[in-house]
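Mapped onto numbering that gives the first Met the number 0, the consecutive letters of the sequence shown carry residue numbers 0 to 1226.
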Amino acid sequence: MKGHRMENLQRNYTPIQKDADLNITARRGGLVNAPQLTGVNVKGDLTINVNAQQPAKTDETDIVPPKIKGYIENCQAELKDYLQNKTQDLFQGTKEDGSSILLDQIYTELYITEGGSGQVNSEHEVIELECSKSTGEERKIHLDYIFEALSEEGNPPRRVLTKGIAGIGKTVAVQKFTHDWAKGRVNQKFQCIFPFTFRDLNLIKDASFSLERLIRHYYEEATALEASDYMNLNVLFIFDGLDESQLPLDFENNEMCRSLTKETSVDAILTNLIEGKLLHKASVWITSRPAAASKIPPKFINRVTEVRGFNDEQKDEYFKKIISDRNKAQKILNHLHSKALRSLYIMCHIPVFCWILATALHSLFTHTQDSELPKTVTEMYTHFLIIQTKRKQRKDFPGVDKDVIIKLGRLAFEQLQKGNIIFRETDLKDCNINLENTSPYSGVCTKIIRKEDGLHRYESYSFIHLTVQEFFAALYVLENFIDRGENLIHTGRVSRAQKDHVHLHKSAVDMALASEHGQWDMFLRFLLGLSQDKNQKLLHDVFGFKRSYLGSNQQTIKYIHTKIKKLSYYEKSINLFYCLNELGDQSLVEQVQKYQSSGDVSKASPSQFSALAFVLLVSGEDQDVFDLKKYSRSDEALGRLIPVFKLSKRVLLSDCNLTDRCCEYISSVLRLKSSVLEKLDLSRNKLQDSGMLLLSDGLKDTNCELQSLKLNSCTLSERSCEALRSVLSSPSSSLRELDLSNNNLQDSGVKLLSAGLESVNCTLATLRLSGCLVKEEGWASLATALRCHPSHLKELDLSYNNPGDLGVAKLLSAGLKDSRCSLDTLRLSSCNLSVRSCEALASVLASQSCSLRELDLSNNDLQDSGVKQLSAGLKSQHCTLESLRLSGCLVTADGFASLASALRSNPSHLKQLDLSYNHPGDSGVHVLSAGLKDSHCKLDSLRVEHCGSQRLIPGLRKCKCVSTLIYETRQHMSNLNQNEGRTTFSFVDWFIILTGDGGNKKQQINSPGMLDDRLLLCGVFFSPSGLCKLTWDLNTAHKNLQLSLKSVSSVNKKQSYPHHPDRFDYWHQLLCREALTDRCYWEVEWKGDVSIAVTYGGIRRKGRSFGCRFGFTDQSWTLCCSDDGYSVSHNNKRTELTLSSSVSNRVAVYVDYAAGVLSYYKVSSGELIHLHTFNTTFTEPLYPGFWVGPCSSVSLCDPHRHRANIQTLHRNFTGVECVQTHDVAVR
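Encoded structure:
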């Protein structure tokens, strides 16, 4: 091995005689060709030239030769012995008080996750911990495996950065990792591990070292190793505490250093090690608080991990380990698990805080009643100080000098003002702290002796945790105010009136709110808590502090309430609620809890919504899904609930009356380093383009993890598409799904979106543009985007647009046929497609490069000729289509026959086929059935419900009430009666006649006339279960409504309806019995002043509140009709409709439940004129409902009487387009 001290090669030059021994030694394992001299007698000197050569490299030659391996193992054994000795004890507080325990005995596994953004964290770390959570999908990584390759990685990482807040367990993790290696348990692939701390390196930051000398400076055990030895060793360097580093880590300007013996700055050694220039095979592990992690460029780090401290199970495990008495440990856990102490339990994620609580509560449970146990963080820290002090009193000192505590408080406050958490001996001397007198308080202010705390002999000082420093700072400020009347927070002159404790509190509140990153939040909590009489008494009785009766805190509480109400940055309100908790005020929390109990939080005030956010945060409940509709629908409510919102992975904000104002809040959440938001639904809010511009700032941020964004019906235009183009082009965008349906984007907007899709950074997989008024040019631009680089787009929805056959042809031929297009789902429902479009589609399906798996062509009048074209494409050996929807496409038996032929083709990939709302007839059903029996057919889902001759009516009116069909069927069955002598018909009989489909036999119909009695009461429609009748629900009708078979009227005389809990008792309303869960269509005639509604069944029935009235809740949608005109209402939002033509007293209603469509039309001379369409997502069955004003009435119509007037409904029935077509304007 190079560098090892070896003897020089020796040759024996004595005269060689027969049988003489020839000794030849090779250096470093070389091969020597030694001469064999036989039968030779040499007189005089014999010169022998020895040819030594390096052996061919094999796996065996990589092994260190035995003599050298043993030498290294000796060094390794000494290093392991040293590290094992130095890491075997874990000091819970400090070393001076001897509070150590064996690491293996107390160590509790830490929750460590793989991954992290490396961004700077500027928030107060405890505050962030209280207002954040684990995503639940982070990859946990065990401490032992942080240098192991994960399953999808080729090579193990060489440079690992581990982040974590102060006291979370980073140093203990390093200690445990090192100890287990030294004990030979894990990570034996490393021959040497050299742990350093940045605190040590700070002390030699101005000196010159080589890496070899730096190692020897701290590790005598490595003295025997030469620089060249390290080249063949697997070495790990650990650098703990980057946040404490005073080194600049100047990666750009430091000189390059590749030699282990070259003298250079310590900073240059570190940067070259981290970059991999110096000892490039070595591994490096760095730990840091998040705020300092950005000192190292991410490109030099192979893996980022984060120590999250303890999860709930690990907290419990730790308490049971540190407290030997199992019963007492369980009592402590029960105390912490109580609802009142939820905030303390949250802070137990920090191991140091766990130790503080265990120390305080272990003693208190022995001498204190449960009712007197501390319930706030200030009470806990006060008891901790007392307990630590009493321990030292008993052990070393007869008394306690309170002046030392005040001096420590001064140190804490002054260093806190400077932002320091580590200080030198000179800082202590500036505060007149005598180190010897400080030793009783070493459990609070730590004198870190490197020989004892780590591996080396240097001194620096810090409090054991930042919160302890903040506690002492608050104690100092308060006692200084009590003793001297001095307000250390107020910078200007203080008047006599300002010398009361209220002004001190107000100054502290203002300072905390003014701090940009919450640096004074915990200080404020402690200051207010220490002002409480209970803590004042403790400090007086134990330390002799002057006890001040500060009086009532009501003025302070009132001041905080005012601040909560006026706060524009609602995140800061959470700490103010913790402050109110310290002051014993729960008024706002109790008020909002009453609203929660009543089930109606919408009436809460802004301050109470902030209280609700606090309640939800400390509740411990899962906040993965945030639905604003559960609370209140407004920008103000959303802003107040942002602290909860930001913990959620899925946020539902649809139909919440939001404006562009909310987008600023949402954008701020998207920019958070801790953001876990993945899915966001903002549909049907009036965000407008201004809101989209605000959202785009957050969507482009490197911290944004959003994958799904729904903006259906948000009043967006071309300007929004420009903002979205920049989002899709951003390298930091993670969007995979984007829904822009029912916005006025037009071709110009889609062109901008297409430019974003063409970007190499775009990762969008799903794009929905249904009802966006996209025509030929827009489709052409999408075709261009689909054949870019390749495209990531997998699903595209262009339904309810009108591209024309040419637009479809451009999209299909130019886009889908291209090998770079990876689209597998295409939705073209209600796009006015014709046979020509089917020709283009067939060509695409037969294309070898086509990747389509799902195609939706529903509600296009393709007819049999178009389906025949499609069937030709389905037969192609290249066709891979698995799902085809042809619902409502005017297909008859001929089209069914061509599809049956396609199903028999070899092979057929088709698994799902939707042929509902067509008219196959008996022959069509028969031929399709035969196709299903073919061995080549792989179909596992076939829909043929709601079929019949009426489905051949063009447009949406194919979904009309089936009363017309009943009338026709009655006539047809009467003819069968006469011709065949039949007197009864089964359900199957007439169902086949109506639909061309068989079904389960459900009932016997004794005569055709029974169809009137049972099915024609008020109009019949189809549902998935077959025929259903639409009837009045008498139990819901208000007593001032008079019902007949087909009509309802408002009357002055109350009807003698029995009492029923479902009856509307104030509003003149009623419901129908049957639930709507599919497509249906009906018509009504009205007189006077009425509302025609659909609603969820859960709408309230009792009382005069608008929560019971159709159109004024989030559960109902209504069209209001009067002689003055029409209006629509939903969720108490009313929109007036203006028509160029006169009002008609006949109205049509169309519902497509699955598509979330509810459309209203006026019927004039048999023509349907679109009034309004609601686009939403229905989550419960819908019920038809009616409000009938005074002297008004509503009648359900029999459509068969007006068959001659049936016209084609407008195919593209999005609101704006229909307005243009029918001259209807929305105000």
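Backbone N, C-alpha and C define an ideal beta-carbon position, used for all residues, glycine too.
### Message
Quick check on the burial criterion: 16 or more other C-beta atoms within 10 angstroms. Buried or exposed for residue 106?
### Response
Locating residue 106 in the sequence shown gives position 107, where the first residue counts as 1. By the 10 Å Cβ count, residue 106 comes out buried.
### Query
Does the Cβ-Cβ distance between residue 1085 and residue 1107 come in under 8 Å?
For the purposes of this step, residue 1085 is taken as residue 1086 along the sequence shown, with counting starting at 1. For the purposes of this step, residue 1107 is taken as residue 1108 along the sequence shown, with counting starting at 1. No.
### Query
Going by alpha carbons, who is nearest to residue 1231 out of 340, 354, 331, 110?
Lying outside 0 to 1226, the shown extent of the chain, residue 1231 is not represented and no answer is given.
### Task
Would you mind reading off the limits of the beta strand (DSSP E) that contains residue 1068?
Sequence index remark: in the sequence shown, residue 1068 carries index 1069 (1-based). Element bounds for residue 1068: 1068 to 1070.
### Query
How do the stretch 190 to 207 and the stretch 305 to 313 stand: do at least 3 beta-carbon pairs fall below 8 Å, yes or no?
no
### Three-state secondary structure assigned by DSSP to residue 1147
The residue labelled residue 1147 in the question sits at position 1148 within the sequence shown. Residue 1147: strand per DSSP, three-state reduction.
### Query
For residue 1120, which three-state DSSP category applies?
Here residue 1120 refers to the residue found at position 1121 of the sequence shown. Strand, per DSSP.
### Counted within 10 angstroms of its Cβ, other Cβ atoms place residue 1190 as buried (16 or more) or exposed
For the purposes of this step, residue 1190 is identified with residue 1191 of the sequence shown, where counting begins at 1. It is exposed - the Cβ of residue 1190 has fewer than 16 other Cβ atoms within 10 Å.
### Message
In the DSSP assignment, the alpha helix (DSSP H) including residue 575 goes from what residue to what residue?
### Response
For this step, residue 575 is matched to residue 576 along the sequence shown. Note, residue 575: alpha helix (DSSP H), 572 to 581.
### Query
What is the rounded straight-line gap between the Cα of residue 710 and the Cα of residue 346?
Here the question's residue 710 lines up with position 711 in the sequence shown. Here the question's residue 346 lines up with position 347 in the sequence shown. Roughly 38 Å separates the two Cα atoms.
### Message
Pull the bridge partners of residue 162 from the DSSP assignment, please.
### Response
Here residue 162 corresponds to residue number 163 of the sequence shown, with the count starting at 1. In DSSP, residue 162 forms a bridge with 287, 305.
### Message
Using the three-state DSSP reduction, which class does residue 479 fall into: helix, strand or coil?
### Response
Taking the first residue of the sequence shown as position 1, residue 479 is located at position 480. The answer is helix: DSSP assigns residue 479 an H, G or I state.
### Message
Considering just the uninterrupted stretch of the alpha helix (DSSP H) at residue 1192, what are its terminal residues?
### Response
Walking along the sequence shown from the start, residue 1192 turns up at place 1193. Taken as a continuous stretch (DSSP letters only), residue 1192 belongs to no alpha helix (DSSP H), being part of the beta strand (DSSP E) at 1192 to 1195.
### Query
Are the beta-carbon atoms of residue 611 and residue 600 separated by less than 8 Å?
Stepping through the sequence shown from its first residue, residue 611 is reached at position 612. Stepping through the sequence shown from its first residue, residue 600 is reached at position 601. Cβ distance < 8 Å, so residue 611 and residue 600 count as in contact.
### 4-residue-minimum alpha helix (DSSP H) runs that sit fully inside the stretch 607 to 687, ordered along the chain
634 to 639, 641 to 644, 660 to 669
### Message
Between 333, 72, 375, 314, which has its C-alpha nearest residue 349's C-alpha?
### Response
Along the sequence shown, one-based indexing puts residue 349 at 350. The residue with the shortest Cα to Cα distance from residue 349 is 314.
### Task
Give me the Cα-Cα distance between residue 818 and residue 842, rounded to the nearest whole angstrom.
As a first step, residue 818 is located in the sequence shown; it is residue number 819 there, counting from the start. As a first step, residue 842 is located in the sequence shown; it is residue number 843 there, counting from the start. Roughly 14 Å between the two C-alpha positions.
### Message
Between residue 1155 and residue 1175, how many whole angstroms is the CB-CB distance? I'm expecting something under 8 Å.
### Response
Indexing the sequence shown from 1 puts residue 1155 at position 1156. Indexing the sequence shown from 1 puts residue 1175 at position 1176. Contact holds; Cβ gap of about 5 Å.
### Query
Are residue 1182 and residue 1097 close, meaning C-beta to C-beta below 8 Å?
To locate residue 1182, count along the sequence shown from 1; it is residue 1183. To locate residue 1097, count along the sequence shown from 1; it is residue 1098. Taking 8 Å as the Cβ cut-off, residue 1182 and residue 1097 do not qualify as a contacting pair.
### Query
At what residue ranges does the stretch 846 to 903 contain a whole run of the alpha helix (DSSP H), taking only runs of 4 or more?
862 to 873, 892 to 902
### Query
By DSSP, does residue 297 sit in helix, in strand, or in coil?
Looking up residue 297 in the sequence shown gives position 298. Here residue 297 sits in helix by DSSP.
### Message
Tell me which residues share the same chain as residue 221 and place their Cβ nearer than 8 Å to its Cβ, disregarding the 5 neighbours each side in the sequence.
### Response
Numbered from 1 along the sequence shown, position 222 holds the residue referred to as residue 221. For residue 221, where only same-chain residues beyond five positions count, the Cβ hits under 8 Å are 74, 78, 191, 193, 214, 215.
### Message
Given this structure, state the Cα-to-Cα distance separating residue 593 from residue 1049, to the nearest angstrom.
### Response
On the sequence shown, residue 593 is found 594 positions in, with the first residue counted as 1. On the sequence shown, residue 1049 is found 1050 positions in, with the first residue counted as 1. Roughly 39 Å between the two C-alpha positions.
### Query
Taking the C-alpha atoms as reference points, what is the distance between residue 894 and residue 862?
Taking the first residue of the sequence shown as position 1, residue 894 is located at position 895. Taking the first residue of the sequence shown as position 1, residue 862 is located at position 863. The straight-line gap from Cα to Cα measures roughly 7 Å.
#### Entry: DSSP bridge partner residues for residue 1092 (one or two, in chain order)
The count along the sequence shown starts at 1 and reaches residue 1092 at position 1093. In DSSP, residue 1092 forms a bridge with 1117, 1184.
### Query
Residues in its own chain within less than 7 Å of residue 661 by CB, not counting five upstream and five downstream?
Residue numbering aside, residue 661 sits at position 662 when the sequence shown is read from its first letter. Taken in chain order, the residues that qualify are 634, 637.
### Message
Between the alpha carbons of residue 168 and residue 1102, how many angstroms are there, rounded?
### Response
Position 169 of the sequence shown, counted from the start, is the residue given in the question as residue 168. Position 1103 of the sequence shown, counted from the start, is the residue given in the question as residue 1102. Rounded to the nearest angstrom, the two C-alpha atoms are 58 Å apart.
### Integer-rounded CB distance, given that residue 283 should sit under 8 Å from residue 208
Residue mapping note: residue 208 aligns to position 209 of the sequence shown, counting from 1. Residue mapping note: residue 283 aligns to position 284 of the sequence shown, counting from 1. Rounded, the Cβ-Cβ distance is 17 Å, inconsistent with contact.
### Message
Is it buried or exposed, residue 312, if we count other Cβ atoms within 10 angstroms and call 16 or more buried?
### Response
Counting from one through the sequence shown, the residue named residue 312 turns up at place 313. Exposed: under 16 other Cβ atoms inside 10 Å.
### Cα-Cα separation, residue 53 to residue 212
The count along the sequence shown starts at 1 and reaches residue 53 at position 54. The count along the sequence shown starts at 1 and reaches residue 212 at position 213. Low confidence applies here, because residue 53 scores a pLDDT of 43, under 50, leaving its location unreliable; read the following figure in that light. So the alpha carbons of these two residues sit roughly 31 Å apart.
### Query
What whole-angstrom Cβ distance do residue 732 and residue 702 have, given they're in contact under 8 Å?
For the purposes of this step, residue 732 is taken as residue 733 along the sequence shown, with counting starting at 1. For the purposes of this step, residue 702 is taken as residue 703 along the sequence shown, with counting starting at 1. Incorrect: roughly 12 Å between the Cβ atoms, too far for contact.
### Query
Near residue 544, which residues of its chain fall below 7 Å by C-beta distance, leaving aside the five closest residues on each side in sequence?
On the sequence shown, position 545 is the one that residue 544 refers to. Excluding sequence neighbours, residue 544 sits near 401, 478, 538.
### Query
For residue 925, does the three-state DSSP call read helix, strand or coil?
If you number the sequence shown from 1, residue 925 lands on position 926. Residue 925: helix per DSSP, three-state reduction.
### Task
Determine the closest residue to residue 264 out of 506, 248, 1071, with distance taken between C-alpha atoms.
Taking the sequence shown and counting its residues from 1, the one referred to as residue 264 is at position 265. The residue with the shortest Cα to Cα distance from residue 264 is 248.
### Task
Answer yes or no: do residue 287 and residue 415 have a C-beta to C-beta separation smaller than 8 Å?
Position 288 of the sequence shown, counting from 1, holds the residue named residue 287. Position 416 of the sequence shown, counting from 1, holds the residue named residue 415. The answer is no: Cβ separation not under 8 Å.
### Task
Let me know the secondary structure DSSP gives residue 421 once reduced to three states.
Translated into the one-based positions of the sequence shown, residue 421 becomes position 422. Coil, per DSSP.
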